[in-house]
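Enquirer: Before we start, here is the structure in question, set down as C-alpha cells.
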Ligand code: DGP
C-alpha cells in the first residue's frame with residue numbers, strides 16, 4: 009500500500025510544521041488554513057477514516073481527542089476552538105487518513121457548510 013500524504017509528513021518525507029508528536033499521534037499545521045490557527049492531528053497508524061476504526065482502536069481514538077485538546081491549549085487557543093472530523097465523500101474528507109482539524113483564532117459559524 010502506498011503511503012498517505014500524512015504518513016509522508018510523519019516520516020519527514022515531505023516538509024510540514026509539526027507542532028506535537030508522540031508514539032501514537034502527530035499534529036502539524038494545515039497547508040490550506042481555514043482559520044488563523046488550523047492544525048491537523050492524526051494517528052500515526054493510518055486508519056482511513058473514523059467510520060473504519062475498529063473496536064481495538066478505541067484507546068487510540070481517545071488519545072487523539074485528548075491530545076487535540078492539549079495541542080489547542082499549547083498553541084494558545086484560550087478563547088475556544090472547533091474540532092472537525094470529515095468522514096467519507098459526503099463528509100468532505102479529501103485525505104484518506106483519519107485526521108482531526110483543530111480550528112481557532114476566530115469566531116466559528118454554525119451550521120458549517
Ligand atoms: P479533509 O478535507 O478533512 O480530508 O482535510 C484534509 C486537509 O489536509 C485539508 O485541510 C488540507 C490538508 N492537507 C492536504 N495536503 C496537505 C499537505 O501536504 N500538508 C499539510 N500540512 N496539509 C495538507
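In this note's numbering, the protein residues as written are 9 to 121.
Using N, Cα and C, we set each Cβ at its ideal position, and we do this for glycine too.
Cβ atoms of residue 54 and residue 15: under 8 Å apart, would you say?
Expert: Here residue 15 corresponds to residue number 7 of the chain shown, with the count starting at 1. Here residue 54 corresponds to residue number 46 of the chain shown, with the count starting at 1. Yes, these two residues count as a Cβ contact at 8 Å.
Enquirer: Quick check: does the Cβ of residue 101 come within less than 7 Å of any heavy atom belonging to the ligand DGP?
Expert: In the chain shown, the residue the question calls residue 101 occupies position 93. The answer is yes for residue 101.
Enquirer: Quick one, are the C-beta atoms of residue 57 and residue 120 less than 8 Å apart?
Expert: The count along the chain shown starts at 1 and reaches residue 57 at position 49. The count along the chain shown starts at 1 and reaches residue 120 at position 112. No, the Cβ-Cβ distance between residue 57 and residue 120 is not below 8 Å.
Enquirer: Going by beta-carbon coordinates alone, are residue 210 and residue 109 separated by less than 8 Å?
Expert: Outside the displayed range of the chain (9 to 121) lies residue 210, so it cannot be described from this structure.
Enquirer: In three-state DSSP terms, what is residue 101?
Expert: As a working note, residue 101 is residue 93 in the chain shown. Residue 101: coil per DSSP, three-state reduction.
Enquirer: In angstroms, rounded to a whole number, what distance separates the CA positions of residue 94 and residue 41?
Expert: In the chain shown, residue 94 corresponds to position 86, counting from 1. In the chain shown, residue 41 corresponds to position 33, counting from 1. Between residue 94 and residue 41, the C-alpha separation is close to 15 Å.
Enquirer: Near residue 24, which residues of its chain fall below 6 Å by C-beta distance, leaving aside the five closest residues on each side in sequence?
Expert: Numbered from 1 along the chain shown, position 16 holds the residue referred to as residue 24. Cβ neighbours of residue 24 beyond the five flanking positions: 17 and 36.
Enquirer: Which of helix, strand or coil does DSSP assign to residue 25?
Expert: As a first step, residue 25 is located in the chain shown; it is residue number 17 there, counting from the start. Looking at residue 25 - three-state DSSP - the assignment turns out to be coil, as it is neither helix nor strand.
Enquirer: May I ask you to report which of helix, strand or coil DSSP gives residue 72?
Expert: In the chain shown, residue 72 corresponds to position 64, counting from 1. Three-state DSSP puts residue 72 in a helix.
Enquirer: Using a threshold of 7 Å, is the CB atom of residue 26 nearer than that to any non-hydrogen atom of the ligand DGP?
Expert: Numbered from 1 along the chain shown, position 18 holds the residue referred to as residue 26. No, Cβ of residue 26 sits at least 7 Å from all heavy atoms of the ligand DGP.
Enquirer: Can you tell me whether residue 39 is helix, strand or coil according to DSSP?
Expert: As a working note, residue 39 is residue 31 in the chain shown. Residue state, collapsed to three classes: coil.
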